[in-house]
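Residue numbers (our numbering): 15 to 471.
Note that beta-carbon positions come from the ideal geometry of N, C-alpha and C, so glycine has one too.
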């Protein structure tokens, strides 16, 4: 009799998935070569063809799987029908999060792709097998959460003692004897950067001119981050006295207020608007925009600047339709700035004299929060008990009214000087603009163009 010919079974294509985090690679020996050797040996032993090796180095399984580039590349291969089975050594190389596991499993099921571990045995076809996977993933997630809590607890203690938990501090600072201290070589750059920005209110200009002064390239994005970094005033996380301030706290706080406002925009025409970014329409809250006009005076042309509410002029949705003349506003400010400052100081002191709310013992509550965390980490209380007590203590901290620092009125009076009109007349336009921006935070104008000054304090 003639024997029937049988077709050989199709060769299955295997994707080898390898993941290590720095800590695991060092402590547990889950190195990339060791994992790869184990997976390749398994593929050879079981007649699998390696369709690709996908390696996520230094990636934690706690994070969303979408943050693992090699993993996402492998999923694209699954969707393209290029993979039949995925191999990895242990379940914790795959996931430590149940929700992510089932999200990816739906994709694998839709494309008939299986997965196998080389050092563990799992059965995904039975109810008991799926239950066992759930239990193992829950244990892995719990272990990961506990490790994270312990690490955060250690770091928090180090921060409370002022110890450095990073090795690359920002420009102007350095690590010395496990503490952050000013760097004598680069600290002047940062100090000049803050001083320059507070005067001129332009990050681009500060980065360029300070960089030229110290023969150093300061990138715009990096400069913006430096100006907003609280480490420069000695604050890090929950420790207000983490390190020696490189920038006085009052100066740093003034710069943060300036950063919240719109920086001065330099137009290409070269025209200088003295009050650009300062004028606010009180009717709609928009910043007023500047424009120039030219009129003939005898044989010469005379240019003057006007400010108007864009909501009123362009969209006709604001009743503030009057324009304000820059020269007239400038003259009014020079005449009334001293009396306006006196009134502003009197108003502030009257509000500061109001009865204070009862003080809260912040130090005692923070100690209780620390003890509460220790109880939770030690498994003496449940998560629900921890969250309830934590919320109660946080509410007590929030009850305390934040302390308001006394404004530096003396600094403002020093800027105004005894003979302001004479000194002001000698300034070029760009210095006049910088002068107003250094002492005035906002000038609010109603629809009758009556000004109200908010000072930079």
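Could you tell me the distance, in whole angstroms, from the CA atom of residue i to the CA atom of residue j?
i	j	result
residue 263	residue 300	30 Å
residue 233	residue 25	54 Å
residue 425	residue 431	10 Å
residue 56	residue 397	42 Å
residue 454	residue 438	15 Å
residue 376	residue 411	7 Å
residue 220	residue 394	54 Å
residue 225	residue 445	21 Å
residue 64	residue 180	40 Å
residue 194	residue 315	59 Å
residue 249	residue 268	15 Å
residue 222	residue 231	8 Å
residue 52	residue 389	41 Å
residue 463	residue 211	30 Å
residue 309	residue 469	34 Å
residue 5	residue 348	With the chain covering 15 to 471 only, the question about residue 5 has no answer from this structure.
residue 79	residue 182	28 Å
residue 95	residue 124	11 Å
residue 461	residue 335	7 Å
residue 45	residue 201	41 Å
residue 120	residue 169	38 Å
residue 365	residue 421	13 Å
residue 50	residue 108	15 Å
residue 383	residue 171	13 Å
residue 146	residue 409	41 Å
residue 118	residue 235	37 Å
residue 136	residue 402	39 Å
residue 378	residue 106	41 Å
Residues in the same chain with beta-carbon distance under 8 Å from residue i, minus the five sequence neighbours each way, listed in chain order, please.
i	result
residue 294	300, 301, 302, 456, 457, 458 and 459
residue 246	184, 186, 187, 204, 208, 240, 259, 260, 261 and 266
residue 253	173, 174 and 176
residue 256	173, 176, 194, 245, 248, 249 and 250
residue 122	92, 100, 128 and 129
residue 114	78 and 79
residue 227	206
residue 340	287, 288, 289, 304, 318, 319, 320 and 321
residue 88	29, 31, 66, 68, 97 and 100
residue 407	379, 382, 383 and 386
So residue i is in the beta strand (DSSP E); what residue range does that whole segment cover?
i	result
residue 190	187-190
residue 66	63-71
residue 469	465-469
residue 436	No beta strand (DSSP E) contains residue 436, which is instead part of the alpha helix (DSSP H) from 434-439.
residue 295	293-295
residue 317	314-322
residue 456	454-459
residue 335	Element bounds for residue 335: n/a, residue is neither H nor E.
residue 426	Residue 426 -> not in any beta strand (DSSP E); alpha helix (DSSP H) instead, spanning 423-430.
residue 394	Premise fails: residue 394 is in no beta strand (DSSP E) and is neither H nor E.
residue 33	27-34
residue 131	128-131
Assuming residue i and residue j are in contact, meaning their beta carbons sit under 8 Å apart, how far apart are those beta carbons, in whole angstroms?
i	j	result
residue 99	residue 128	5 Å
residue 297	residue 324	The pair is not a contact, with the Cβ atoms about 12 Å apart (cut-off 8 Å).
residue 217	residue 452	That belief does not hold up - the Cβ atoms of residue 217 and residue 452 are roughly 16 Å apart, past 8 Å.
residue 386	residue 404	6 Å
residue 29	residue 66	5 Å
residue 97	residue 69	The pair is not a contact, with the Cβ atoms about 15 Å apart (cut-off 8 Å).
residue 467	residue 318	About 22 Å separates the two Cβ atoms, so there is no contact after all.
residue 343	residue 465	7 Å
From which residue to which residue does the alpha helix (DSSP H) around residue i run?
i	result
residue 269	263-274
residue 56	46-59
Enumerate in chain order the residues of its own chain whose CB-to-CB distance from residue i is below 6 Å, with the five nearest sequence positions on each side excluded.
i	result
residue 270	none
residue 321	293, 302, 304 and 338
residue 443	286
residue 237	217 and 221
residue 326	332, 334 and 335
residue 352	none
Near residue i, which residues of its chain fall below 7 Å by C-beta distance, leaving aside the five closest residues on each side in sequence?
i	result
residue 104	131, 133 and 134
residue 450	288, 289 and 292
residue 40	Residue confidence is low: residue 40 scores 44 on pLDDT, short of 50, so the model does not pin down where it sits. Its coordinate-derived value is still stated next. Around residue 40: no qualifying Cβ.
residue 448	213 and 214
residue 84	68, 69 and 70
residue 273	241 and 242
residue 86	80
residue 197	186, 187 and 188
Would you say residue i lies against chain D (beta-carbon separation less than 8 Å)?
i	result
residue 227	Of the protein chains in this structure there is only one, and it is not chain D.
*Let me know the beta strand (DSSP E) ranges lying completely inside the segment 174-239, each 3 residues or longer, listed in chain order.*
For the segment 174-239, whole beta strand (DSSP E) runs of length 3 or above, ordered along the chain, are 187-190 and 193-196.
*For the segment 73-116, list the beta strand (DSSP E) runs that are entirely contained and at least 3 residues long, ordered along the chain.*
List check, beta strand (DSSP E) in window: 99-102.
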